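Here the structure comes first, spelled out in structure tokens, and everything after it is commentary.
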Amino acid sequence: MLQNIENYKKKKQFLVCVDSDGCAMDTMDIKHKKCFGPCLIETWNLQQWEEEILNRWCEINLYSELRGINRFKGLAIALQEINETYIEIEALDTFLNWVKATKELSNESLMEQISKNTSVCLQMALQWSQNLNKKIKELMPEEKLPFDHVKEVLEQVHQYADIAIVSSANYEAVREEWSDNGLLDHIDLLLSQNIGSKSHCIHELLAKGYDSDHVIMIGDAPGDEKAADENRVLFYPILVRQEAKSWKEFSEYGLEKFLQQKFGDDAVCYKKKFYDNFKNEKEEI
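Under the UniProt record's numbering, the residue at position 40 of the sequence shown is numbered 40, and the numbers go up by one with no gaps.
Spelled out as structure tokens, the structure:
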């Protein structure tokens, strides 16, 4: 049964943090290509430049070192580029300032800001976010599946460690997708965009009494690695287009090294493979 961060108590000495989209769930590509990007086009009436903008959206959010970035930060980058290249985005500064200043990049926080400032760009950003949530819910169940080996590995890991989902995605979407695929039985806590950044989430988890060398973040994006580094915890990469292989390797090799507190011996090698794989992805775009 999922706990919330306020009453969460550690049960085991070790903690495994797992990202959702693109890491455990094979949902990142389809969400960006069918939901995030198209909603951007619809909300700001950008059909005239649809192909170019959609390609650029995917390049930033799927195949660059910004992969996995919070939706509103990704939107801020896109709108700035659109404003400079295609068409003026009315009241853009009000949205950019909110993204920089807010402690919580979520719909709820944005609605609170709109109650103080009825800027058209803030309202359109909320409309965009709400619309893409609807589109995500409309995706077919077979379009929202975990990568091969994820369920078995989570079951294996949970014998030895607590497990927390640490995601920058929408809470309701993550919970629904993990529940539909029978993954929540192996999860102790779900932390998403409404709690704060991934770095903040890991910080809050460490405050529950885990030693930093007893915590590992499993993720597919540079932001996951950064969040781990900022908290001085370990990081295990799920490589883009090699997800199933990455999970199997963690099961057969990485988990034992982590539990024996010898994972640090391979950390540099894993990070090199991670960034080399990203470099190869960018070259293939």
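Cβ atoms here follow ideal geometry from the backbone N, Cα and C, with glycine treated the same way. Quick caveat: nothing in here was measured; it's all calculated off a predicted structure.
For Y253, the closest C-alpha among the options Y236, V268 and K151 is that of Y236. In this chain, the alpha helix (DSSP H) harbouring V157 covers V150 to V157.
Within the DSSP secondary-structure output, G74 pairs in no beta bridge. S106 and N45 have their C-alpha atoms roughly 23 Å apart.
Beyond the five residues adjoining it in sequence on each side, F72 comes within less than 6 Å, by CB distance, of V99 and L105 in the same chain, given in chain order.
Per DSSP, the continuous alpha helix (DSSP H) segment holding D29 begins and ends at M28 to K31. In the DSSP assignment, Y171 falls within the unbroken alpha helix (DSSP H) covering Y171 to D180. Membership of C121 in the alpha helix (DSSP H) is indicated by the continuous run V120 to E138.
The shortest CA-to-CA distance from E243 to any of L126, G219 and S115 is the one to G219.
When DSSP reads this structure, Y63 sits in no beta bridge, so it has no partner. The three-state reading of DSSP puts V99 in helix, counting H, G and I together. When secondary structure is reduced to three states using DSSP, V166 falls in the strand class. Taking 8 Å as the cut-off, the beta carbon of G22 is found closer than this to the beta carbon of M28. In the three-state DSSP reduction, I218 falls in the strand class (E or B). Between the C-alpha atoms of Q261 and K12 there is a straight-line separation of about 15 Å. Leaving aside the five residues that flank L96 on each side, the residues in its chain whose CB is nearer than 6 Å to its CB run, in chain order, A76.
Taking the Cα of C17 as reference, the smallest distance to any Cα among L190, R241 and E256 is reached at L190. Annotation: C17 is outside any alpha helix (DSSP H); the continuous beta strand (DSSP E) that includes it extends over F14 to V18.
Excluding residues up to 5 positions away in sequence, N70, R71, E104, L105, S106, S167, S168, A169, N170 and Y171 lie with their Cβ nearer than 8 Å to the Cβ of Q193 in the same chain. In the three-state DSSP reduction, A91 falls in the coil class, being neither helix nor strand. Contact between F14 and A161 holds, with the beta-carbon distance rounding to 4 Å and staying under 8 Å. For C39 against L132, the beta-carbon gap comes to about 4 Å, under 8 Å, which counts as contact.
When secondary structure is reduced to three states using DSSP, Y253 falls in the helix class.
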